[in-house]
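Novice:
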Amino acid sequence: MKTIELQPNTNSLEVVGHLKFGRKRRGFIPRGVTFLAVLIILLMLAVIIGNIVIGGTPTISWEFLTHPPEQGMEAGGVFPAIFGTVALVILMVIAVIPIGVFTAIYLQEYTSPKSRITRLIRIAINNLAGVPSIVFGLFGLGFFIAFVGGGLDSLFYPEEGPVWGQPAIIWASLTLALLTLPVVIISTEEALRTIPRELREASYALGGTKLQTIWRIIIPQATPGILTGSILAVSRGAGEVAPIMFTGAAYYLPYLPTKLNDQFMELGYHIYVMATQSPDIEATKPLLYGTVLVLLLLTFSLNSVAILIRSRMRRSRVSAQ
Amino acid sequence: MEQLIFKPKSRWREFFGEKLISVNAFVALIAILLIFVFIFKEAIPIFVDDYVKEDASLDKMVFKQQYYEGREAKWSWQPNSEVPKFSLWPLFIGTLKASLVAMLFAIPLGVGAAIYCSEFASRRIREIIKPAIEMLAAIPSVVLGFFALMVLATALQNTLGLTFRLNAINAGIALGLAVIPIVFTVAEDAMTSVPHSLRDAATALGANRWQVSLTTVLPAAIPGISAGVVLGFGRAVGETMIVLMASGNAAIVSASFLDSVRTFSATIAAELAEVVFGDTHYHVLFMIGSLLFVFTFLINLSGDIVLTRLKERLQGKAT
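Heads up: the sequence lines are chains A and B, in that order.
Numbers 6 to 326, taken from the numbering used here, label the letters of the first sequence in order.
Numbers 35 to 353, taken from the numbering used here, label the letters of the second sequence in order.
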C-alpha cells in the first residue's frame, strides 16, 4: 500500500513571515495612480469609438450598405465588401469549427492532461495563437496558393492558366481558419471542462459507448461554449487584414465572388486601401468612416453576443451546482 | 437522460470515430510544422543560392555596404532600386523603435489597470473595466491603424509641432492600444491567482489592504506580470496593419523617435504583392517572415513556460 505523506501548509507563512509592517499608510497614491491608468484606457477607448461613430453615422444608409463603390471609391457603398467578408467568414467557420471542436474533445476526453502528446498539442496551439498575422499571410501564399493550388493545377489543369494556384477566397478562408483555430479550441475546452463527470458516468451506465456519449451528451452540453468560440473566431477573422492581403482579397471587383477560386472584396482590406491609396483623401473620408463603422459594429455586436452567451453559460452552471 | 436509448456498440464506428477525432487534434501541431517548413523553405536560398547571395547574402544584410563607388558605406533598404539594397538594420531599428514606444505606453497602463482591477476595484467597477478591455481587444487592428493615421497623427503633430505626421511615436501609441489588453489580461490573471492563504497570512501579520498588495501579491505575481509584458512585446513586433498605416514606412537608420519608421512586418505587407515569385526580394521577405516567426515562437514558448510554472507554484504543487 502506498502511504500518503501529509505536509503542514507552511507555504504561506514562509512567503510573508519575514515581513514587518510599520506605519499604516492608507495607500491613496497607489490607488489613485492605478485608477488613473484605468481612466486613461477607458478615455482612449471612448475617444476612438466616439470618433468613428460620429464620423461614420452620417454615411450609413440603406444605399451605402447595398450598393457597390462608384467613381473610384469616392461614392457609392460597400456592399461587395460586406458580401465578401460574410462569405469569407462562413467558409472559415465551416473549416475551423469541426477541427477546433474535435481537437478540444480529444484533449479533454481522450487523453490525460499530463501526457506528452497533450502537452505538445497544447504548445502548438499556444504558439499558433502567437504567430504574427502577416506570417499567416506568407504561409497562405507559400502553402495554400503555391503548393496546394499550384499542385492541383499541375495535376488537373496542366494546359490552362492558374485555376487554383492564384489568390482566392478559399485560400484566404483556410488561412484565417488556421489563425482562429486556437480561439475555437480554447473556448470549447472551457465548456467541456465545466460538464460534470456525473453526466458522462450516467451515460456509460446506460450502456453508451464513449463515442455515443460524446456525440449525444458532451457536444449538446458544450454547445454554448462552441458557439462562443465560433462567434469570437468570426469576429477575429472578420477584422484581420494581413493574412488575406496576398491570399485572395482584391482592391476592387466588378462582380461578387460566386466560386471558391474567385477573389473577393473585404471590409478591412477596403479600409486599408481607401485610407492609404486614395488620391483624394478628403473626398473618400465620409465613405471611409462609414466603412470603419460598419466593420466596428460587426465585430462589436459579434463580441457582445459571445460575451452574453458565455456569461449565461457560467451563471446557469453556478445555479445548477 | 432516461429518454436516451443507445444502439448496441459498433466496434468499427467507435474505432473510426476516435480516429477522426484524434486526426483533427493534430491539425494545430501539423499547422505549426507546416508554417515552419513553408516559411523557411523560401528563406533557404539566401544561404545556398549564388544568384540570391549576390545581392542579399547574410553579410550584406547585416553589415554596412558601399553600394556606389566613392560614396560612404551605409545600411540601406532599397530593394527596388537599380542596385538592390537589402540591409535589415533600418527595418530592425524601425521595429525596435515602434515596439519600444508601444511598450512604454502599454506597460504602465496595462499593469496599472491590472493592479487596480485585482486589488482595489469593487465588483461593479470590475464589471465595467473588463468588458471595456475586451472591447479594446476586439477592435480590428486595421481600425486602430485607421484611427492613428487619420486622427492621432494630426493631433500629435499639432500638439507637439512635428515635422513628420507619421512617425515612431504615432505608430507606437496605436500599437500600444493593441498591446494593452494582452498585458492587462495576463497580469490580472497572475494577480488574481495568488492564493487567498497568502493574503490572509499577510493580513494576520498586521498588513492593511495596500500593504498586502505591495508586499505579498505583487512579488508573488511578478513572473506573471513579466510574462504579460513579454507576450505583449511579441504582439507589438508581429503586428502589421497598425504600423503599416501609421508609421510612415520610411526605412531610416536614426535614433530619433520623431522620424518615420519601417518595421519588418510592414515591409512584408507592403512589398510582397509586388515581388516577382522566386526573385531575390521574394526570398528576403520570406527570410524576414522566418525571423518574425522564430522570434514570436521563442517569446510565446518562454511566456508559456513562465505562466505554467507560476500557476503550479502558486497552487502549491511545487516549491
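Glycine residues also receive a C-beta, built at the ideal position from the N, C-alpha and C atoms.
How long is the line joining the alpha carbons of T39 (chain A) and T197 (chain B), rounded to whole angstroms?
Specialist: Working through the first sequence from its first residue, we reach residue 39 (chain A) at position 34. Working through the second sequence from its first residue, we reach residue 197 (chain B) at position 163. For T39 (chain A) and T197 (chain B), the distance between alpha carbons rounds to 34 Å.
Novice: I need the straight-line Cα distance from K290 (chain A) to R243 (chain B), nearest angstrom please.
Specialist: In the first sequence, the residue the question calls residue 290 (chain A) occupies position 285. In the second sequence, the residue the question calls residue 243 (chain B) occupies position 209. Roughly 51 Å between the two C-alpha positions.
Novice: Are V329 (chain A) and S240 (chain A) touching if we call contact CB-CB under 9 Å?
Specialist: Examination of residue 329 (chain A) is not possible in this model, given that chain A is present from 6 through 326 alone.
Novice: Taking the continuous alpha helix (DSSP H) assigned at I316 (chain B), which residues delimit it?
Specialist: Looking up residue 316 (chain B) in the second sequence gives position 282. In the sequence as presented, Ile is not what sits at residue 316 (chain B); that position holds Tyr. Residues T314 to L348.
Novice: Can you tell me which of the three DSSP states E79 (chain A) falls into?
Specialist: Here residue 79 (chain A) refers to the residue found at position 74 of the first sequence. Looking at E79 (chain A) - three-state DSSP - the assignment turns out to be coil, as it is neither helix nor strand.
Novice: Work out the CA separation of L178 (chain B) and I141 (chain B) for me, nearest whole Å.
Specialist: Numbered from 1 along the second sequence, position 107 holds the residue referred to as residue 141 (chain B). Numbered from 1 along the second sequence, position 144 holds the residue referred to as residue 178 (chain B). In a straight line, the C-alpha of I141 (chain B) is about 18 Å away from that of L178 (chain B).
Novice: Establish whether the CB of A42 (chain A) and some CB of chain B are separated by less than 9 Å.
Specialist: Position 37 of the first sequence, counted from the first residue, corresponds to residue 42 (chain A). It does: the Cβ of A42 (chain A) has a partner Cβ on chain B nearer than 9 Å.
Novice: Would you list the one or two residues that DSSP bridges to P201 (chain A)?
Specialist: For the purposes of this step, residue 201 (chain A) is identified with residue 196 of the first sequence, where counting begins at 1. P201 (chain A) pairs with nothing; no bridge assigned.
Novice: Rounded to whole angstroms, what's the CA-CA distance from A241 (chain B) to E161 (chain B)? Just pull it up for me.
Specialist: In the second sequence, residue 241 (chain B) corresponds to position 207, counting from 1. In the second sequence, residue 161 (chain B) corresponds to position 127, counting from 1. C-alpha separation (whole angstroms): 27 Å.
Novice: Below 7 Å between beta carbons is the criterion; list the residues of the segment 295–324 of chain B that meet it against any residue of chain A, in chain order.
Specialist: Going along the segment 295–324 of chain B in chain order, one finds S299, I302, A303, L306, A307, F320 and G323 with a Cβ nearer than 7 Å to chain A.
Novice: Our contact map puts A280 (chain B) next to L200 (chain B) with C-beta atoms below 8 Å; I'd like the distance itself, whole angstroms only.
Specialist: If you number the second sequence from 1, residue 280 (chain B) lands on position 246. If you number the second sequence from 1, residue 200 (chain B) lands on position 166. Indeed they touch by this definition, with Cβ atoms about 6 Å apart.
Novice: By how many angstroms is the C-alpha of W111 (chain B) removed from the C-alpha of A148 (chain B)?
Specialist: For the purposes of this step, residue 148 (chain B) is taken as residue 114 along the second sequence, with counting starting at 1. For the purposes of this step, residue 111 (chain B) is taken as residue 77 along the second sequence, with counting starting at 1. If I take the Cα positions, the gap works out to 40 Å.
Novice: Looking at the C-beta of M318 (chain A), does it have a partner C-beta in chain B at a distance below 9 Å?
Specialist: Taking the first sequence and counting its residues from 1, one reaches residue 318 (chain A) at position 313. Taking Cβ atoms only, chain B never reaches closer than 9 Å to M318 (chain A), which makes this a no.
Novice: Against chain A, with Cβ distances strictly below 9 Å, would G144 (chain B) count as a contact?
Specialist: On the second sequence, position 110 is the one that residue 144 (chain B) refers to. By this cut-off, G144 (chain B) is an interface position.
Novice: Got a sec: does the ligand PLP put a non-hydrogen atom nearer than 8 Å to the Cβ of I55 (chain B)?
Specialist: By its list of ligands, the structure shown contains no ligand whatsoever, and the ligand PLP lies outside what it can speak to.
Novice: Could you check which residue in B:L122, B:W109 and B:K75 has the C-alpha nearest to that of G147 (chain A)?
Specialist: As a working mapping, residue 147 (chain A) is identified with position 142 in the first sequence. Out of B:L122, B:W109 and B:K75, B:K75 has the C-alpha closest to the C-alpha of G147 (chain A).
Novice: Any idea what DSSP makes of P74 (chain A), helix, strand or coil?
Specialist: Counting from 1 along the first sequence, the entry for residue 74 (chain A) is found at position 69. Strand at P74 (chain A).
Novice: Return no unless some Cβ of chain B is closer than 9 Å to the Cβ of V136 (chain A).
Specialist: Taking the first sequence and counting its residues from 1, one reaches residue 136 (chain A) at position 131. Chain B contact via Cβ: present.
Novice: What residue does the alpha helix (DSSP H) around V264 (chain B) start on, and which one ends it?
Specialist: Within the second sequence, the letter at position 230 stands for residue 264 (chain B). Counting along the chain, the alpha helix (DSSP H) containing V264 (chain B) begins and ends at L252 to G272.
Novice: Beta-carbon within less than 6 Å of I222 (chain A)'s beta-carbon, same chain only, minus the 5 sequence neighbours each way: which residues are those?
Specialist: Here residue 222 (chain A) corresponds to residue number 217 of the first sequence, with the count starting at 1. Here the set comprises L204 and S208.
Novice: For a quick check, are the C-beta atoms of I104 (chain A) and V61 (chain B) less than 9 Å apart?
Specialist: In the first sequence, counting from the first residue as 1, residue 104 (chain A) sits at position 99. In the second sequence, counting from the first residue as 1, residue 61 (chain B) sits at position 27. For I104 (chain A) and V61 (chain B), yes; Cβs fall inside 9 Å.
Novice: So the candidates are B:I214, B:A136 and B:A155; which of them puts its Cα closest to the Cα of I173 (chain B)?
Specialist: The residue given as residue 173 (chain B) occupies position 139 in the second sequence. Checking every option, the nearest Cα to that of I173 (chain B) belongs to B:I214.
Novice: Report buried or exposed for P172 (chain A), applying the criterion of at least 16 other Cβ atoms within 10 angstroms of its Cβ.
Specialist: Stepping through the first sequence from its first residue, residue 172 (chain A) is reached at position 167. The residue in question, P172 (chain A), is buried, as its Cβ has 16 or more Cβ neighbours within 10 Å.
Novice: Which residue wins for smallest C-alpha separation from T250 (chain B), given the options B:D234, B:V117 and B:V287?
Specialist: By one-based count along the second sequence, residue 250 (chain B) stands at place 216. Ranking the options by Cα distance to T250 (chain B), first place goes to B:D234.
Novice: Roughly how many angstroms separate the alpha carbons of F267 (chain B) and M137 (chain B), rounded to a whole number?
Specialist: Counting from 1 along the second sequence, the entry for residue 267 (chain B) is found at position 233. Counting from 1 along the second sequence, the entry for residue 137 (chain B) is found at position 103. In a straight line, the C-alpha of F267 (chain B) is about 7 Å away from that of M137 (chain B).
Novice: Using a threshold of 9 Å, state whether the C-beta atoms of W169 (chain A) and G145 (chain A) are closer than that.
Specialist: Translated into positions along the first sequence, residue 169 (chain A) becomes position 164. Translated into positions along the first sequence, residue 145 (chain A) becomes position 140. Contact flag unset, no.
Novice: Let me see if you follow: with CB-CB separation under 9 Å, is W244 (chain B) close to chain A or not?
Specialist: Locating residue 244 (chain B) in the second sequence gives position 210, counting from the first residue. With 9 Å as the cut-off, W244 (chain B) counts as an interface residue toward chain A.
Novice: Find the residues of chain A that neighbour T330 (chain B), judging by a C-beta separation of less than 7 Å, and give them in chain order.
Specialist: Reading the second sequence from its first residue, position 296 is the one you call residue 330 (chain B). Here the neighbours are G135, V136 and P137.
Novice: Counting along the chain, where does the alpha helix (DSSP H) carrying F298 (chain B) start and finish?
Specialist: Taking the second sequence and counting its residues from 1, one reaches residue 298 (chain B) at position 264. That run of the alpha helix (DSSP H) goes F298 to E305.
Novice: By Cβ distance, which residues of its chain are closer than 7 Å to Y277 (chain A), with the 5 residues on each side in sequence left out?
Specialist: To locate residue 277 (chain A), count along the first sequence from 1; it is residue 272. The answer, listed in chain order, is V246.
Novice: For V136 (chain A), report the span of its alpha helix (DSSP H) as first-last.
Specialist: Along the first sequence, read from residue 1 onward, the residue named residue 136 (chain A) stands at position 131. Note, V136 (chain A): premise wrong, no alpha helix (DSSP H); not H, not E.
Novice: Taking only beta-carbon atoms, is G234 (chain A) less than 9 Å away from chain B?
Specialist: As a working note, residue 234 (chain A) is residue 229 in the first sequence. Closer than 9 Å: no.
Novice: To the nearest angstrom, how far is the alpha carbon of I276 (chain B) from that of I231 (chain A)?
Specialist: Taking the second sequence and counting its residues from 1, the one referred to as residue 276 (chain B) is at position 242. Taking the first sequence and counting its residues from 1, the one referred to as residue 231 (chain A) is at position 226. Roughly 30 Å separates the two Cα atoms.
Novice: On the CB-based measure, 16 or more other CB atoms within 10 Å of its CB, does W176 (chain A) come out buried or exposed?
Specialist: The residue you call residue 176 (chain A) lines up with position 171 of the first sequence. The residue is buried, with at least 16 neighbouring Cβ atoms inside 10 Å.
Novice: If L272 (chain A) and V299 (chain A) are in contact, beta carbons under 8 Å, what's the gap, nearest whole angstrom?
Specialist: Within the first sequence, numbered from 1, the residue matching residue 272 (chain A) stands at position 267. Within the first sequence, numbered from 1, the residue matching residue 299 (chain A) stands at position 294. Indeed they touch by this definition, with Cβ atoms about 6 Å apart.
Novice: Below 7 Å CB to CB, which residues in the same chain sit around A303 (chain B) once its five sequence neighbours on both sides are set aside?
Specialist: What you label residue 303 (chain B) is simply residue 269 of the second sequence in a count that begins at 1. The answer, listed in chain order, is T274 and L278.
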